[in-house]
Structure formats: C-alpha cells, structure tokens
Amino acid sequence: MAASMIQRNIPVFKQNMSAAFGNSSLVVKTVAVLVFFGYFLSFIPKGTPYITVTPGYVLPPNFWVWTYLTHSFVEFHIWDVLADVLVVILCGKLLEPLWGAMDMLLFFVITNLLVAITTSFTYLFIYFATKNEDYLFETYIHGLAGYIAGFSVAVKQVMPDHVLVTSPFGKLRNTHIPLILVSVVITLRLLGALDGPYPIMFTWGVLISWIYLRFYQKHSNGNRGDMADNFSFARYCFLGGSILGTKFCQFQV
C-alpha cells in the first residue's frame, strides 16, 4: 500500500520539481547542473582524487588545492545528487528572496570551502593519531553535506519558531532541526549507510554556517551578523559557550 502511494506521488513530485527548477534563478540552475555534471565525472576511472578533496594530496608537494572548489559538485550516488539539488532549489525559494542571489552564492562558497578545509585537517589529525595512510589517500571529501547542514542553520535563522510537527511529546520546530540532523547523520554512518566524511562535513557545516551567519554575514543596512536571542548557539548546542569564548569570536553567543 505504501509502495503504491509512493508510486502515485512520483509524477506529482517530478512535476513540482520541474516547475521549481524552471522558476529558479541562474545561480540555482548553475549549481544543480554542476552537481549532475560532477556525478557523471565520478564514473571516470581513477579520476576521483583529481576532483574530490583527498587529504594527502592537498598538502605539498602535490598541493591539489583546486579540489577545495570542485569537491562540492561531486557525488557518487544518484540519491545524493537528488538530495543536493532539492536543497539547492529550496535554498533558492526560501533564502534567495531574503538575501539576494549573490549573498546566497557567497554563503554557498564560504560554507563549502571552509567545510572542505576543516574536514581535510580533521582527517590529518586522525592520521597522526592512527598512522593509517588510508585516511590520507583513500578518503574522498565530496558533495554538499556541509551546505545541507548550513541550509538547516539558515532556515533556523529565518524561521526559528515555525512548527514542523506537533506530537504528544511536543512541537518540532525549525530551531531543533540542525542538531537532530547531526544525530541522524552520525547514526546512519554508524549503520554504514553513509560515507565516512559525511558526518564530519555535516557537523562542520553546522558550526561554520552558524559562525558566518551569527557574526559575519553583511546585510543591506550595513550591519553584520545576527545577534537575535533565538539564534544563539548556546540555546541548542553545548559547544556554544566554549567555542566563542576564544579570541576568534569574543561576542555574545
């Protein structure tokens, strides 16, 4: 019964996705096309290290730093491609009208670039701790996991009190989604349903996007960041009070 219901709704979903993609901005369409293009490039034999971030190759003497830019558009599974494109389209519908196309693109670039850098350094630390060279040369950091996490944080920022689900246990709001997704992603990784870098990228995506939106995003009135109480990191993450007591961010959390 559930299968037949899903089958009946597939044409409707395709129609809605086509309409949403057709009405999207040039930025959204470009990113979506590049994600599909990167997916097809992943089928090229031995080409993966040249388009994904491989921690051992971004260091001298190889210094393949261009992969920090190309990795975002590479996925190995079609369901990841569809998830990426769906999030990009939703970002265009929910955030682009508020931010503008260029600010949305800037958020995309900053989040993905910093997630790739921090994730690659995370694997370097893992290598130093384990001396396992697979973490250097057999680990491929790729996809939009960090950006998907960043999108959940951005939605929390613009619609924090929006109720998604009401249950006997309480109301599920947008403000709860980032940490719930982190927990789900970690669980799926432990079950073997996700690639190794995914939960690391996702967690860094939550942290990096929040820091950017909280303190550094420039608004049309000249202000930077969002000091609203309902966007305080300490409200929904125990790390909030410790990360931002450093020289890096001596601001209200």
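The C-terminal residue of the sequence shown carries number 262 in the numbering used here, and the numbering is unbroken.
Beta carbons are placed, not taken as given, at the ideal position from N, Cα and C, and that holds for glycine.
DSSP, reduced to helix, strand and coil, places V67 outside both helices and strands of the structure shown, so it counts as coil. Between the C-alpha atoms of T128 and S161 there is a straight-line separation of about 19 Å.
When the beta-carbon positions are compared, T139 and P64 stay at least 7 Å from each other. Scanning the segment 161-207 from its first residue to its last, the whole beta strand (DSSP E) runs of 3-plus residues come out as 172-176, 179-182. Annotation: the continuous alpha helix (DSSP H) that includes N121 extends over 110-139. When the Cα atoms are used, V215 and Q226 turn out to be separated by approximately 15 Å.
Annotation for V194: L203, Y207, P208, F211 place their beta carbon closer than 7 Å to its own, counting only its chain and skipping 5 residues before and after. Exposure of W88 is indicated by the presence of fewer than 16 other C-beta atoms within 10 angstroms of its C-beta. Counted as a single uninterrupted DSSP element, the stretch harbouring V62 is not any alpha helix (DSSP H), since DSSP gives it neither H nor E.
In the DSSP secondary-structure assignment, I150 is bridged to V62. Between W108 and A163, the alpha-carbon positions lie close to 11 Å from each other. Residue state for K227 is assigned as strand, using DSSP reduced to three classes. For F45, the enclosing alpha helix (DSSP H) stretches over residues 35-50. Annotation for I87: the continuous alpha helix (DSSP H) segment containing it runs 87-103.
Rounded to the nearest whole angstrom, the CA to CA distance from G47 to N183 is 31 Å. Cβ neighbours of W213 within its own chain (closer than 7 Å, five residues either side excluded): V124, T127, T128, G155.
When rounded, the separation of the alpha-carbon atoms in I135 and N230 is 43 Å. Counted as a single uninterrupted DSSP element, the alpha helix (DSSP H) harbouring Y77 occupies residues 76-79. Exposed is the label assigned to H228, since fewer than 16 other Cβ atoms lie within 10 Å of its Cβ.
Between the segment 80-87 and the segment 32-52, the count of Cβ pairs shorter than 8 Å is three or higher; the stretches touch. Taking a 10 Å sphere around the C-beta of M113, we find 16 or more other C-beta atoms and assign the residue as buried. When the five nearest sequence neighbours on each side are left out, the beta carbons in the same chain lying within less than 6 Å of the beta carbon of L181 are those of L173, V174, in order along the chain. Nearest to V42 by alpha-carbon distance, out of L95, I150, S241, is L95. Here I119 has Y221 as same chain residues with Cβ atoms under 7 Å from its own Cβ, once five neighbours each way along the sequence are excluded.
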